[in-house]
Amino acid sequence: VGAAAKRFVAYVTSLPASPGDGQEVFFEADSANHVVWHLRWRASASKWEFVGGGPMEAYDSSSVTRNSTSFGDFSSAGPSITAPLAGDYMVEWAVTAGENSANSIEFFVGIKNASTDPADGECLHFQTSADAAGGSDVPQGYGVYRRKFTVASPSDVLKMVARSASSAVSFSVVRRVMSVVPIRVS
Amino acid sequence: VGVRTFARRIIPVVTALPGQPVDGQEVYYVADGTARIQWHLRYRAAASGWEYMGGGPLASIDAASVTRASSSFGDFSTPGPSVTAPLAGDYMVDWSVNLNNTASSPTFSFFVGIKSGSTDPADADCLLWTFTSAVTTGRDSENMGIMRRKVTVASASDVLKIVARGDTANSISVSLRWLAVTPLLVN
Chain P
865 VGAAAKRFVA
875 YVTSLPASPG
885 DGQEVFFEAD
895 SANHVVWHLR
905 WRASASKWEF
915 VGGGPMEAYD
925 SSSVTRNSTS
935 FGDFSSAGPS
945 ITAPLAGDYM
955 VEWAVTAGEN
965 SANSIEFFVG
975 IKNASTDPAD
985 GECLHFQTSA
995 DAAGGSDVPQ
1005 GYGVYRRKFT
1015 VASPSDVLKM
1025 VARSASSAVS
1035 FSVVRRVMSV
1045 VPIRVS
Chain X
873 VGVRTFARRI
883 IPVVTALPGQ
893 PVDGQEVYYV
903 ADGTARIQWH
913 LRYRAAASGW
923 EYMGGGPLAS
933 IDAASVTRAS
943 SSFGDFSTPG
953 PSVTAPLAGD
963 YMVDWSVNLN
973 NTASSPTFSF
983 FVGIKSGSTD
993 PADADCLLWT
1003 FTSAVTTGRD
1013 SENMGIMRRK
1023 VTVASASDVL
1033 KIVARGDTAN
1043 SISVSLRWLA
1053 VTPLLVN
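Protein sequences appear in the order of chains P and X.
Numbers 865 to 1050, taken from my numbering, label the letters of the first sequence in order.
Numbers 873 to 1059, taken from my numbering, label the letters of the second sequence in order.
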């Protein structure tokens, strides 16, 4: 008999506790912006895999600075996104490096995952020598990056942070944007 | 003998949204039949709209080198690229251009954003390049930019288009313009 039965896919704000293999949900990731993730439980991985949906996004248009060799906040912190679930995410971020006045400037812009600072090798990397700067100003540069991050606990915060390289030099960025979609979560 | 039973969820493919949807109703909406772009949408009564569950973006690209020299937002020498939003609502829009600055006048800014219908973008929602004398005088610069912002479309068939403004003294050249559009909540 080829009769088709209608299967209900639940719209949830928290994941079911005891899902069956192949179970699907629509998870409300960001109610204010109507970001909903379509997730499917894969028993062999003990994870919900991402089937579709839009990204969570955070943005700050302002021009901000940082002057430290340690990773940390810009003069105005963020942007940041609170991960609603533990698991693996694809994070994309971008900034435009400002009109920096120092020569031989080098700095990194990455994503802090809860209390864990990024590795330099997983950051946007801006570097300009005195020659390239023309002796006075460093031209603007734009960067966009995408990396996988593992979020240990729900409500951990993914936040954009930065540091200068070998010496503390003030540098500025503008148009900070980041977005997050899950890969597999639990 | 064991029998495996498969329950199938039948989701209709539609070219227009149902007139009186109920909470939880789903459709595969044909956003672009030619490019085979379908959006999986689910009606949410509490939001009085259809939320996006998946599907590809509507996209448009123009590789040509074009210019603009105006302090008002408007078209490049060749307009666009643009996407006609098939439904009213909120969209996530990605866009990018490759900037080729050959201006010799110092100290100016250049904004590239998305015009929605008749509404120009705010400067703060645009890609931004700022140049000062040390950068511009006697020097060319080339710089790619990419941006992602939520954009509201007031009416179905409104056009989302890349526009730009700078200042009147400098003609700015860009190439490789593209934008990609996916819905968030539509009607």
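Every residue gets a Cβ at the ideal spot worked out from N, C-alpha and C, and that includes glycine.
These numbers come from a predicted model, not from an experiment.
Spanning the alpha carbons of P/G884 and P/W905 requires a straight line of approximately 7 Å. Secondary structure at P/D952: strand, using DSSP grouped into helix, strand and coil.
Chain X has a Cβ within less than 7 Å of the Cβ of P/Y1006. For X/A919, the secondary structure class from DSSP, reduced to helix, strand or coil, is helix. From the beta-carbon of P/G917, the residues of chain X found nearer than 8 Å are Y924, M925 and G926. Only residues of its own chain outside the window of five on either side were considered, and among them F938, G942, P943, S944, W957, V959, V973, G974, I975, K976, R1040 and M1042 have a CB closer than 8 Å to the CB of P/M1024, listed in chain order.
With a cutoff of 7 Å on beta-carbon distance, X/A1052 and X/D934 are scored as not near each other. As DSSP reads the structure, P/N977 sits in a beta bridge with P/T980 and P/L1022. Chain X places a beta carbon closer than 7 Å to that of P/R1039, counting this residue as a contact. With a threshold of 16 other beta carbon atoms within 10 Å, X/V885 falls short and is exposed. Chain P places no beta carbon closer than 7 Å to that of X/L1032, leaving this residue out of the contacts. Taking 7 Å as the CB threshold, X/N1015 lines the interface with chain P.
At a cut-off of 7 Å between C-beta atoms, X/A1028 does not count as an interface residue with respect to chain P. In the pairwise beta carbon analysis, the region 920 to 938 of chain X is classified as touching the region 900 to 920 of chain P: at least three pairs are separated by under 8 Å. Bridge pairing for P/M1042: P/A922 and P/W957 [DSSP].
Beta-bridge pairing by DSSP links X/H912 to X/Y900 and X/G926.
Shown here, X/D1039 sits in coil according to DSSP, grouped into three states, outside any helix or strand. The DSSP-derived three-state label of P/G936 is strand.
One finds nothing in chain P with a Cβ atom closer than 9 Å to the Cβ of X/K987; even the nearest lies about 18 Å away.
Under DSSP, X/G946 forms a beta bridge with X/A1036.
Per DSSP, reduced to three states, the secondary structure at P/A893 is strand. Between the C-alpha atoms of X/G891 and P/V1045 there is a straight-line separation of about 31 Å. Here X/A903 is near X/W911, since their CB atoms are less than 7 Å apart.
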